[in-house]
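Visitor: Quick note: the sequence shown uses the working numbering, first residue 416, plus one each step.
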Amino acid sequence: MDSRTTFTQFIAHHGRVQIPIIQRDYAQGRSDQKEVRNDFLRALHSALLLSADDPHLPLDLDFVYGSVVGDAFQPLDGQQRLTTLFLLHWYLAWVAGKLADFRKRFVEGEKSRFGYQVRPSSKDFVDEMAQFDPGEFTAESDLVTLIKDQPWYFRSWQFDQTIRSALEMLGAMHEVFSQSTELYDRLVDDENPAITFQLLDLRRFDLSDELYIKMNARGKPLTSFETFKARFEQHLNVNFSSMQLPLCGSLPIADFFAKRMDKEWSDFFWPYKDDATATFDNAIMNVLRVVILVTRDPEIVDGTNADIADLRGSVPNTFTAFNEKNWLDRNLIAALISLLESWSKHGGKLPAHLPVDSPFDLSAVFKQMISDPARLTFQDLALFAGYVQFIVASEGDIETNAFGDWMRVVFNLAINTDYNRPDDLRRSLSGLADLRPWMTKINAFLVKPDADVRGFFQPQVAEERLKAYLINLGDGWPSRITRAERHDYLKGQIGFLLKFSQLGLDDDHTEFASLDLARAREVVPNFEHYFACVTQMLKDLHSAATAGRAWELALLAVGDILLPVGRNHALPGLKEGPGSWKRLLRLAGAGDYQGDVLKDLWDRLDEPADAEATLKYIIDTEPDVDDWRRAIIDTPAIYQYCGERMIRFNDDGIYPLRRSQMNGAHAELFTYCLHADLIAMGELNSLRPDYSETLSADEPELVLNTQIGDIEYAFSAASKQEEGPYHLWLYDPQSPAKSAADLLALHGFVIEDGFWTKTVDRNQLKSAVLNLDAVITRLLQDHSI
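1. Pop quiz: serine 759 and tryptophan 853 are said to be a contact at Cβ under 8 Å. What is the actual Cβ separation, rounded to whole angstroms?
2. Does the segment 446-462 come within contact of the segment 520-539, defined as at least 3 CB pairs closer than 8 Å?
3. Opposite glutamine 613 in the DSSP bridges: which residues?
4. Taking 8 Å as the threshold (C-beta atoms), are cysteine 948 and tryptophan 1017 in contact?
5. With a Cβ-Cβ cutoff of 8 Å, do tyrosine 1146 and phenylalanine 1164 count as a contact?
6. Please classify arginine 601: is it buried, with 16 or more other beta-carbons within 10 angstroms of its beta-carbon, or exposed?
7. Output the boundary residues of the alpha helix (DSSP H) element that contains threonine 735.
8. Let me confirm a value: isoleucine 1126 is counted as buried when at least 16 other C-beta atoms fall within 10 Å, else exposed. Which label applies?
9. To the nearest angstrom, how far is it from the Cα of phenylalanine 592 to the Cα of aspartate 604?
10. In chain order, what residues of the same chain have a beta carbon less than 7 Å from the beta carbon of proline 1140, not counting five sequence neighbours either side?
11. What residue range does the alpha helix (DSSP H) around tyrosine 884 cover?
12. Find the nearest neighbour of threonine 611 within the set Leu1099, Phe781, His957, Thr499, judged by alpha-carbon distance.
13. If you draw a straight line from the C-alpha of glutamine 873 to the C-alpha of alanine 829, how long is it?
14. Please say whether tryptophan 505 and alanine 554 have beta carbons closer to each other than 8 Å?
15. Please name the residue or residues paired with threonine 1142 in a DSSP beta bridge.
16. For alanine 779, is the beta carbon positioned less than 7 Å from some heavy atom of the ligand ZN?
17. Relative to the C-alpha of valine 803, which residue among Trp966, Leu747, Ala1152 is closest?
18. What's the gap between the Cα of tryptophan 509 and the Cα of phenylalanine 517?
19. Run through DSSP, which three-state label would lysine 644 get?
20. What's the gap between the Cα of glutamate 551 and the Cα of methionine 584?
21. Which complete alpha helix (DSSP H) runs does the segment 544-576 hold, if anything under 4 residues is left out?
22. Pick helix, strand or coil for lysine 526, following the three-state DSSP scheme.
23. For phenylalanine 695, name the three-state secondary structure that DSSP assigns.
24. According to DSSP, which residues form a beta bridge with glycine 1068?
25. With distances taken Cα to Cα, identify the nearest neighbour of lysine 644 among Leu476, Ala693, Ala750, Pro661.
26. Would the beta-carbon of proline 1104 fall within 8 Å of that of alanine 1133?
27. Which two residues bound the contiguous beta strand (DSSP E) that contains serine 1107?
28. Considering only residues of the same chain and omitting the five flanking positions on each side of valine 522, which have a CB-CB separation below 8 Å?
29. Using C-beta distances below 6 Å, list every residue in its chain close to alanine 883, excluding the 5 sequence neighbours before and after it, in chain order.
30. Anyone know if the C-beta pair for serine 1154 and leucine 1187 falls short of 8 Å?
31. Tell me whether the beta-carbon of aspartate 696 lies closer than 8 Å to the beta-carbon of phenylalanine 640.
32. Taking alanine 1152 and isoleucine 1123 to be in contact with their CB atoms under 8 Å, please state how far apart those CB atoms are, rounded to whole angstroms.
33. Grab me the residues of glycine 801's own chain with a C-beta within less than 6 Å of its C-beta, minus the 5 sequence neighbours each way, in chain order.
34. From the DSSP output, in three-state form, read off tyrosine 599 for me.
35. Histidine 1081 bridges to which residues according to DSSP?
36. To the nearest angstrom, report how far apart glycine 664 and aspartate 744 are at their CA atoms.
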């Protein structure tokens, strides 16, 4: 009987079915199998509710393996499904008032024709259940309690895992099926079956029990992926039986998926198995989750945005969750099969099918994908979407160089586009979909006058178009551009090099019209010089603080390079974000003023690799430097103070910020720089400099402490904010000794708001402090008090 069969036909044909002693306990009823159990029951319930002539029927539960031993068939795989079907027949017979029919089919000589040899208690329980009649069915019945209250139920059975699982399953059936009282007849209808499975007798195929015991893990419950796989194959059979993919040849998609998943694709995922469970369930389900995400229809705006948010959130990796969202669609199926087929043909290694110098690191994305897909960035997802799109369109015939050209452009666009919310990614997915016809000739498309690339940062699109034109010209430009793009920090963003080389990005149509081979050759020396400059500058910024600081200070000497970030301005830094060197280089490519400063400095460097002396000369001698820039140049400690490199400019003054807000710790630029200068120079004899930053609207202060006689004196220096000047005053004590008061008065201090105060311009503040120190020193030397 090696064919599709119903459970009643199976029992009738073999007479007796015994779960052999080598099998483990019934597990589908376990509490930790709730998701698997409920998914399975819902699938059974849905199948039984369909009309007998519904084309989606029957629901096939896959193969049951085993062989006849003595007078009974002993399944080696399928124990879980068979036990659930036995319990379902009993339960629906009770609901329908047809337990007599059930016993006629499944009981012989007061023994169940379906039984367990695993342990005596399991065998006895099944025999008792087969004959048990709880009385008239009511939906309010507590079936499990009713069973446990029977005289034949032993308290010791609570320790039998099979019995506990069976009771749990019956309770779950009661929740799902209690409102459907007429399903028993459909369940036992062998002419128009609703639920079937395929029986394979191992003896007739000369296959050993030992082999199948090993293959099927001795009756372990289905893993999460095995559950998904079974239901997904049924989904393919029912809903996509007519779908064709060239990769599948003449095989139906469901059969192709099942065949590959059982061998080649499983072999590919095996190295990524979880050591604790010895399964690759998490790996493949996480891959599936990401493939679903990148294959959503970007033109369904609200739906796709919600899908992206859900898939990056807590939606479980289950067939039910995915299917209820209608995510297991044609696009997903084509992408999943194409990807797994392309990845599984290289001996277990992950092949990218890309040139070795491709900027897209598939292995890094894949590693994150299988372990924690929620941590994939929007950039990662846009890149992977471009990758998947090309793989699917290739239909198994991947042209490496064309794929490399495509992924280079996708990488440059995605990495240099800012993503903050799902809709940003959706727009990029839409833009990639527009480019689908041009994937194998992307550079030829980009130079077309009417080329339109949506969904990405448009200045980067303009840059890609100009680079495509240069690449098509040849003459060394392909390798020249690739070398610059592959810089670890630039990552494809080299518009500033083109801009500085007098290759405009503002109007690419005009640029193309005037850019011939002669013009392209003419700008090569400039391009190489500026690339050498940025390479050396970034190298120094990433290495020794002194070398990198020289570039920062020289740029400040040449001009204002601060980057506006909200209400602040940022000293450029390497950390990604709106205050980064990356952004400054982007602005330079767009023609912003920071680019003028950068180009001005680079134009002064004859040998960028040996620029130290030139940078120092510029720092020391550059004329017409704004006071605030000179203060920072002369006080590099500002860079250490500003943890996030933020400075606030407002009507009251200039405030370096410890972090990013004025309600956090902050200083006042000129008093802080004076404090650092006084510490570094060691010019004070009697005053001890300290600094009082603030977290409020109070003005930060330079504090100067000294001791005159037995009394501690504290002077402060601070900005008068909108009034412009600074004031230097005796904070404590308010009433100094007469000799001290006389000296203060002699040197320009007056009583203002109860304090001895001296008002000075900013450029006189240091000399006023040095003068005060001299006054205090003389006072101490004269022993006047």
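The C-beta atom is built at its ideal place from N, Cα and C for all residues, glycine as well.
Guide: Considering the structure as presented:
1. Not quite, the Cβ-Cβ distance comes to about 28 Å (not below 8 Å), so this is no contact.
2. By the Cβ criterion, the segment 446-462 is not in contact with the segment 520-539, since fewer than three pairs of Cβ atoms, one from each stretch, lie closer than 8 Å.
3. DSSP, once it has assigned bridges, lists Arg419, Phe478 as partnering glutamine 613.
4. Cβ distance < 8 Å, so tryptophan 1017 and cysteine 948 count as in contact.
5. No, these two residues do not count as a Cβ contact at 8 Å.
6. For arginine 601, the number of other beta carbons within 10 angstroms of its own is at least 16, and it is reported as buried.
7. Threonine 735 -> alpha helix (DSSP H) spans 734-739.
8. Residue environment analysis places isoleucine 1126 among the exposed positions, since fewer than 16 neighbouring C-beta atoms fall within 10 angstroms of its C-beta.
9. The alpha-carbon atoms of phenylalanine 592 and aspartate 604 are separated by roughly 18 Å.
10. Excluding positions up to five away in sequence, the list reads Thr1174, Val1175, Asp1176.
11. 873-888 is the extent of the alpha helix (DSSP H) around tyrosine 884.
12. Among Leu1099, Phe781, His957, Thr499, the Cα nearest to that of threonine 611 belongs to Thr499.
13. Roughly 11 Å between the two C-alpha positions.
14. No, these two residues do not count as a Cβ contact at 8 Å.
15. The identity of residue 1142 in the sequence shown is histidine, whereas the question assumes threonine. Its beta-bridge partners are Ala1133, Thr1174.
16. Annotation note on the ligand ZN: not contained in the displayed structure, which lists no ligands.
17. Out of Trp966, Leu747, Ala1152, Leu747 has the C-alpha closest to the C-alpha of valine 803.
18. Their backbone Cα atoms lie some 9 Å apart in a straight line.
19. Helix at lysine 644.
20. It is roughly 20 Å from the alpha-carbon of glutamate 551 to the alpha-carbon of methionine 584.
21. Segments of the alpha helix (DSSP H) lying fully in the segment 544-576: 558-563.
22. In the three-state DSSP reduction, lysine 526 falls in the strand class (E or B).
23. Note: phenylalanine 695 maps to coil in three-state DSSP.
24. Note: glycine 1068 sits in a beta bridge opposite Asn1065.
25. Checking every option, the nearest Cα to that of lysine 644 belongs to Leu476.
26. Their beta carbons are not under 8 Å apart, which means proline 1104 does not touch alanine 1133 by this criterion.
27. Segment 1103-1107, the beta strand (DSSP E) holding serine 1107.
28. Arg528, Ala545, Gln546.
29. So the qualifying residues of the chain are Asn858, Leu861, Val862.
30. Taking 8 Å as the Cβ cut-off, serine 1154 and leucine 1187 do not qualify as a contacting pair.
31. With contacts defined by Cβ atoms closer than 8 Å, aspartate 696 and phenylalanine 640 form a contacting pair.
32. Right, the Cβ-Cβ distance comes to about 7 Å (below 8 Å), so this counts as a contact.
33. Result list for glycine 801: Val825, Leu847, in chain order.
34. If DSSP states are grouped into helix, strand and coil, tyrosine 599 belongs with the helices.
35. DSSP lists Leu1072, Thr1109 as partners of histidine 1081.
36. The straight-line gap separating the alpha-carbon atoms of glycine 664 and aspartate 744 is approximately 20 Å.
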